[in-house]
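Quick note on my numbering: the sequence shown kicks off at 210 and runs consecutively.
Glycine residues also receive a C-beta, built at the ideal position from the N, C-alpha and C atoms.
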Amino acid sequence: MADKNNHHVQINVKDKFIAALCGKSGKDYQEEWANMKVEDNLKCSKWEKFKDATSINRQVLICQLITILYANITCNDNCLVNVRGIPFFNGNFVKTPNGHKLFVATQAPTNDSAEAFWQLVTQENITVIVMLCQIFEPNTKEELIQKSTPYWPINAPLKYKNFEIHVKNVRGQMYADGEEAIMFTKHEIVDGKSKKVIRSVVHLQHKSWPDFGVPGTTESTMDIYNKFVVPSIEKKQPVLVHCSAGIGRTGSFIGGFYCYNLFQQGQLVSVENALRTLRKMRAHSVQTAGQYLFVNLILMQFIENEEHQYNVKEAKDKLQKLLKILDKKAKKQPKAK
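Below, the structure is given as structure tokens:
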């Protein structure tokens with residue numbers, strides 16, 4: 210864009226984004242989510258090769274498949290995590306446009322993949338793990354379904370071939386007048402032979418984030434970002450995030466911060482476009498309309514907290530009302546019998 214004196218006029222990307230954000234209606238969000246339902250079919254050649262029983266020893270395949278919690282959740286070749294010595298690990302890096310690693314998005318560990326999970330933690334210099342599911346959660350029939358193995362120690366150390374995981378401290382914290390809870394556990398990864406501490410790791414379990422849903426408020430989620438995620442990323446240490454399948458809740462948690470990171474750099478054109486880019490790194494990220502709205506809400510909360518020149522209160526209030534409407538509709542849905 211140029212003025213009449215042929216001087217270039219810089220368009221403030223942040224101002225333009227905020228103006229569009231504050232002007233959105235509920236219908237706009239509906240249309241964006243409708244567009245988001247159509248995903249690019251991206252390749253995962255390593256996964257295809259891994260699950261092809263004709264290309265490798267069938268017994269090895271069967272043995273390795275039990276380390277994958279959801280075999281139908283593929284990993285894009287782009288940003289695929291490689292754990293040394295492991296044929297396939299269902300995880301992806303989420304990176305900035307310049308290639309800086311922000312997160313590792315992965316499935317919950319199984320009994321057979323827990324060692325590889327902790328190996329990844331040491332390999333990628335990870336000091337913060339965010340768990341967005343519980344060990345058991347009810348399905349639509351109110352039956353308890355296992356969503357993750359308890360892969361961290363509660364009392365006695367967990368011992369693997371080359372290292373041990375020791376628990377040092379456990380505490381819980383309530384948020385939103387007791388409606389939301391986070392469990393904080395500090396661990397030490399200890400060398401199996403020398404018994405020297407390799408790394409200290411904080412494990413954060415969000416106990417109030419339902420499958421295919423969102424927390425009732427942003428309070429507990431923002432506390433995790435501000436106290437643990439932001440400091441870790443500032444030290445160039447990626448944060449490991451998982452739920453059960455590693456796409457819905459995980460994609461939503463990562464998506465909120467990812468969008469704000471782009472906004473800070475003046476690179477956020479729209480949340481829809483940003484999440485499309487995120488899905489090229491971690492396929493199927495963000496699974497429901499409510500989660501899409503929650504990503505927008507987290508972004509607005511960051512802007513409200515950190516970018517004081519912008520007033521997004523009205524837009525944020527509108528989003529919160531939309532989320533409440535969605536929640537009421539979901540509760541009215543008949544449960545499966």
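Using only the alpha-carbon positions, how far apart do residue i and residue j sit?
i: L528; j: M245; result: 18 Å
i: G475; j: K236; result: 26 Å
i: C253; j: D286; result: 5 Å
i: F242; j: F297; result: It is Trp, not Phe, that sits at residue 242 in the sequence shown. One C-alpha to the other measures close to 32 Å.
i: T283; j: R491; result: 9 Å
i: N371; j: I463; result: 31 Å
i: N221; j: I227; result: 10 Å
i: A323; j: T394; result: 17 Å
i: I512; j: P347; result: 35 Å
i: L251; j: S403; result: 44 Å
i: P306; j: E248; result: 20 Å
i: A539; j: H309; result: 38 Å
i: Q239; j: I363; result: 43 Å
i: H517; j: K350; result: 46 Å
i: L535; j: A498; result: 8 Å
i: K223; j: K233; result: 16 Å
i: L532; j: Y434; result: 21 Å
i: G401; j: K436; result: 31 Å
i: V292; j: W327; result: 10 Å
i: K445; j: K368; result: 28 Å
i: K530; j: T486; result: 27 Å
i: K225; j: E443; result: 27 Å
i: L506; j: V379; result: 30 Å
Give me, in chain order, the residues of the same chain whose beta-carbon lies closer than 7 Å to that of residue i; leave out the 5 immediate sequence neighbours on both sides.
i: P366; result: E373, I374, H375
i: E397; result: H375, K377, V406, S409
i: C231; result: V521, E523, A524
i: S441; result: T336, V337, V448
i: C468; result: L477, V480, A483, V504, L508
i: S264; result: Only weak support exists for where S264 lies, its pLDDT of 48 falling under 50; the value from the coordinates is given anyway. Correct list, in chain order: K258.
i: E515; result: none
i: I295; result: A325
i: W361; result: I374, T394, H396, H412
i: C272; result: Any answer about C272 is weak, because its pLDDT of 42 lies below 50 and its placement is not dependable; what the coordinates show is given next. Excluding residues within five positions, none has a Cβ falling inside 7 Å.
Between which residues of its own chain and residue i is the CB-CB distance below 6 Å, once the five residues before and five after are set aside?
i: R458; result: L341, W418, C452
i: S461; result: V495, Q500, F503, V504
i: I456; result: H493, S494
i: C288; result: N301, F302, M490
Report the three-state DSSP secondary structure of residue i (helix, strand or coil).
i: T315; result: strand
i: K251; result: In the sequence as presented, Lys is not what sits at residue 251; that position holds Leu. L251: coil per DSSP, three-state reduction.
i: K522; result: helix
i: R380; result: strand
i: Q273; result: Reliability of the predicted coordinates at Q273 is poor, the pLDDT of 47 falling under 50, and the value obtained from them is presented with this limitation in mind. It is helical.
i: Q529; result: helix
i: P447; result: coil
i: A365; result: coil
i: E428; result: helix
i: Q239; result: helix
i: A492; result: coil
i: F297; result: coil
i: L506; result: helix
i: T283; result: coil
i: A390; result: strand
i: L341; result: coil
i: I335; result: coil
i: Q474; result: coil
i: I433; result: helix
i: F372; result: strand
i: K310; result: strand
i: S234; result: coil
Pull up the CB-CB distance for residue i and residue j, whole angstroms please, since I reckon it's below 8 Å.
i: S429; j: H415; result: 7 Å
i: F472; j: V438; result: With 8 Å as the limit, F472 and V438 do not qualify as a contact, their Cβ atoms being about 16 Å apart.
i: G425; j: A454; result: Actually they are not in contact, since the Cβ atoms of G425 and A454 sit about 22 Å apart, beyond 8 Å.
i: L311; j: N470; result: 7 Å
Taking 8 Å as the limit between beta carbons, can you name the residues of its chain near residue i, skipping five residues before and five after?
i: V313; result: V290, G300, N301, F302, V303, L329, E333, I335, P447, V448, L449, V450
i: M509; result: L230, V521, A524, K525, L528
i: M383; result: E389, A390
i: G381; result: A390, I391, M392, F393
i: V399; result: P366, F372, E373, I374, H375, K405, V406, I407
i: T331; result: F372, I398, I407, R408
i: K255; result: C284, D286, L289, F297
Kindly indicate if chain D contains any beta-carbon less than 8 Å away from that of residue i.
i: Q316; result: Checking the listed chains, one finds no chain D in this structure; it contains a single protein chain.
For the ligand ZN, is there a heavy atom less than 7 Å away from the beta-carbon of residue i?
i: V247; result: The ligand ZN is not part of the structure shown, which contains no ligands of any sort.
Three-pair Cβ contact test at 8 Å for the segment 326 to 344 versus the segment 420 to 440: yes
If contact is defined by three or more beta carbon pairs under 8 Å, each pair taking one atom from either stretch, is the segment 482 to 490 in contact with the segment 510 to 523? no
Are there three or more Cβ pairs, one per stretch, closer than 8 Å when the segment 317 to 327 is compared with the segment 354 to 371? yes
Kindly confirm or deny that the segment 383 to 402 and the segment 425 to 445 touch, where touching means at least three C-beta pairs closer than 8 Å. yes
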